[in-house]
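So for the sequence shown, the working numbering puts the first residue at 1099; every next one is plus one.
The beta carbon of each residue, even a glycine, is placed where N, CA and C say it ideally should be.
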Amino acid sequence: MKIIEAKNYDHMSHIAANIIASQLILCPKTVLGLATGSSPEGIYKELVEKYNNGDIDFSQVVSFNLDEYCGLPREHEQSYYYYQNNHLFSKVNISKENTHLPNGNVDDINAECENYEKMIAESGGVDIQILGIGHTGHIGFNEPSDSFAKMTHSVDLEQVTIEANARFFNSIDEVPKKAVTMGIGTIMRAKKLVMVVSGKDKAEILYKSVTGEVTPKVPATILQFHKDVTIVADADAISILKEKAPHMISK
Ligand code: GLP
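Structural data, given as structure tokens:
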């Protein structure tokens, strides 16, 4: 596990975007795992800039998003479909048919999950997966649980997650209570993982995730077992780790 300290949010985004860009340069046919939320927004902004400068090309890229809410139409501004389209797909030359998000609005959610997992496998698997982290230590929408979910599945969101995401909606009642997410197993099968962490409110969970006992009660702790994970954290998010386990931060 490589942990990189960034000065601030922009610096964090810059470093992470450079990692993604170098992957796209070395392997134009990359299968890219995408994440939503405020943490990776800066990465997408930088990737769009690099694309506009002619530094990277998305024409052969295939993408799979981590998760999606259930019950929000795709056109809803807070759907992850809308987010990803708005922040990346509409601004680069990725083929629409190469982009994938789980559909949280189908009648047979189990069939949707199975099919999503199958499509990822058929694409050859995710080469590089972007991740954020929730306050509960969730990755994707894998909330604390008694076991690590192996596959894409539907979940009931924790109250803390609903509260954290309420900032994006007019009222907390509008926040969906369910979502579809890649499983922890799906995420761990990605060849490389790049996590971005920003803000004081993530300092404790970042510290716990990288130093604590590996447990499904703190899903992100599983990353300790991945062989190629890079965490880029800004000064606020890394503060507790820096104080208690400075040796873990790359020099
Ligand atoms: C959401 C997403 C996660 C994301 C997390 C943190 O619930 N499903 O993929 O990592 O919350 O979001 P943010 O980066 O906005 O703090």
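The nearest non-hydrogen atom of the ligand GLP is 7 angstroms or more from the C-beta of L1186. Every residue whose Cβ sits closer than 6 angstroms to any heavy atom of the ligand GLP is listed here in chain order: A1133, T1134, G1135, S1136, S1137, L1164, D1165, G1230, I1231, G1232, G1238, F1239, T1259, N1263. Taking a 10 Å sphere around the C-beta of D1153, we find fewer than 16 other C-beta atoms and assign the residue as exposed. Minimum Cα-Cα distance from V1159 among the listed residues H1185, P1126, Y1179, D1165 corresponds to P1126. Collapsing the DSSP output to three states places N1150 in a helix. Uninterrupted beta strand (DSSP E) stretches at least 3 residues long and entirely within the stretch 1130-1190 occur at 1160-1163, 1165-1167, given in chain order. Burial state of K1148 is buried, judged by a 10 Å Cβ sphere holding 16 or more other Cβ atoms.
If the five residues before and after D1334 are omitted, its C-beta is found closer than 6 angstroms to the C-beta atoms of G1297, K1298, all from its own chain and listed in chain order.
By the neighbour-count definition (other C-beta atoms within 10 Å, threshold 16), P1171 is an exposed residue. Following the DSSP letters along the chain, one finds Q1227 inside the beta strand (DSSP E) bounded by residues 1226-1229. With 16 or more neighbouring CB atoms inside 10 Å of its own CB, G1140 falls in the buried class. The Cβ-Cβ distance between I1226 and A1288 falls below 8 angstroms. Residue pairing for I1285: DSSP places it in no beta bridge.
Straight across, the Cα-Cα distance linking H1236 with S1136 is about 15 angstroms.
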